[in-house]
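Numbered per my numbering, the sequence shown spans residues 779 to 1064.
Note that beta-carbon positions come from the ideal geometry of N, C-alpha and C, so glycine has one too.
Encoded as structure tokens, the structure appears first; notes follow it.
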Amino acid sequence: MSIVYDDCPCELGEGPLWHPERQQLFWFDIVGKRLMTRENGEHQSWQFDEHVSAAGWVERETLLIASETGLWRFSLKTGQKRLISPLEASNPITRSNDGRADPWGGFWIGTMGKNAEPGAGAIYRYWQGELRQLVPNVTISNAISFAPDRSCAYYADTVTKQVMRWPLNPETGWPKGESTVFLDLRAEGLNPDGAVVDADGNIWIAQWGAHRVAAYTPAGQFLTAVAFEAAHTSCPAFGGDDLTTLFCTTAREGLDAETLANHPTNGMTFAAPGAGKGQAEHRVLL
779 MSIVYDDCPC
789 ELGEGPLWHP
799 ERQQLFWFDI
809 VGKRLMTREN
819 GEHQSWQFDE
829 HVSAAGWVER
839 ETLLIASETG
849 LWRFSLKTGQ
859 KRLISPLEAS
869 NPITRSNDGR
879 ADPWGGFWIG
889 TMGKNAEPGA
899 GAIYRYWQGE
909 LRQLVPNVTI
919 SNAISFAPDR
929 SCAYYADTVT
939 KQVMRWPLNP
949 ETGWPKGEST
959 VFLDLRAEGL
969 NPDGAVVDAD
979 GNIWIAQWGA
989 HRVAAYTPAG
999 QFLTAVAFEA
1009 AHTSCPAFGG
1019 DDLTTLFCTT
1029 AREGLDAETL
1039 ANHPTNGMTF
1049 AAPGAGKGQA
1059 EHRVLL
């Protein structure tokens, strides 16, 4: 059972991050160029001058934020940001999209065309001062997440309707060998969006247009689904005191005025208490 966690509607909600030291959820409205949160029961936001989409936590007062031009060290206390690494800064067509910290303290980040231009994006990893491209020619980068035993990473190009699995070097976290298809959702017509892996290694995937986040076992078997009062679920995150609440961002993008009038919860941010048991988000080491 899900409830509205924050009723401020996002045109394109994305990138929810539960900060384990602050016990606080952060998320983005990409189109609105805002970082958002709730603190002491009140909605708060920071406005940016470019698209922002994903974050990792560095320390209590500091986030790593991905924008359309770079990775930034961002102070929650002052609102100041400092460039850590450019990210396709010279390409005006693309912006950042899905991203997540990995178990080694690195940060994986996907890009995509602002109008989902075919193959315009890519997936990168930032680690120990180096930004390295891992996957080229991506249309809509999504589902970046990591197994709790460090064995693999997951990612998706949403337009393919497939989620990929990639073995990782246990010492460095760099991919080894080739990625393979972990989940093929073409027959069901489902669109894999953002994803998070729980403490048992199950992957929870937001499915754009399907009003839900669906969980699959490490063997790729359907486990369960959590329904949300919004068509375009975009990304889940586990949080709460014991990491058993499944948060989910959603979007209004592409929905007509009648749909939004009849279902105003589209674009809001949701919580589903007791949905599962998450793993704490990894710290980004800068």
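By the Cβ neighbour-count rule, HIS1010 is buried, with 16 or more other Cβ atoms within 10 Å of its own. Under DSSP, ASP807 forms a beta bridge with GLY791 and ARG812. With respect to GLY1017, TRP796 sits close: the two C-beta atoms are nearer than 8 Å. Ranked by how close their Cα comes to the Cα of GLY907, the residues PHE1025, TYR933 and LEU861 have LEU861 in first place.
Within its own chain, the residues whose Cβ lies closer than 8 Å to the Cβ of GLU789, once the five positions on either side in sequence are excluded, are ASP807, ILE808, VAL809, GLY810, ALA1029, ARG1030, GLU1031 and GLY1045, listed in chain order.
Under the three-state reduction of DSSP, VAL937 is assigned to helix. Linking PRO1051 to GLY888 through their CA atoms gives a straight-line distance of about 29 Å. In the structure shown, the three-state DSSP call for THR1037 is helix. Uninterrupted beta strand (DSSP E) stretches at least 3 residues long and entirely within the region 812-878 occur at 812-817, 820-825, 830-837, 840-845, 848-853 and 859-864, given in chain order. Check the Cα spacing between ARG990 and each of PHE1006, SER923, ASP978 and ARG878: the tightest is with PHE1006.
For GLY1056, the pairing in a beta bridge is given by DSSP as ASP976.
Annotated three-state conformation of VAL913 is strand, per DSSP. Per the DSSP secondary-structure output, ILE887 pairs in a beta bridge with GLY877 and TYR902. Cβ-Cβ distances below 8 Å link VAL1062 to GLY834, TRP835, VAL836, LEU842, ALA879, GLY883, GLY884 and PHE885 in the same chain, with the five nearest sequence neighbours on each side left out; the list follows chain order.
Sequence-distant partners of GLY967 (beyond 5 residues in either direction) whose C-beta falls short of 8 Å from its own C-beta, in its chain, are LYS939. Counting along the chain, the unbroken beta strand (DSSP E) around GLY1017 starts and ends at 1010-1017. DSSP, read as helix, strand or coil, puts PHE1006 in coil.
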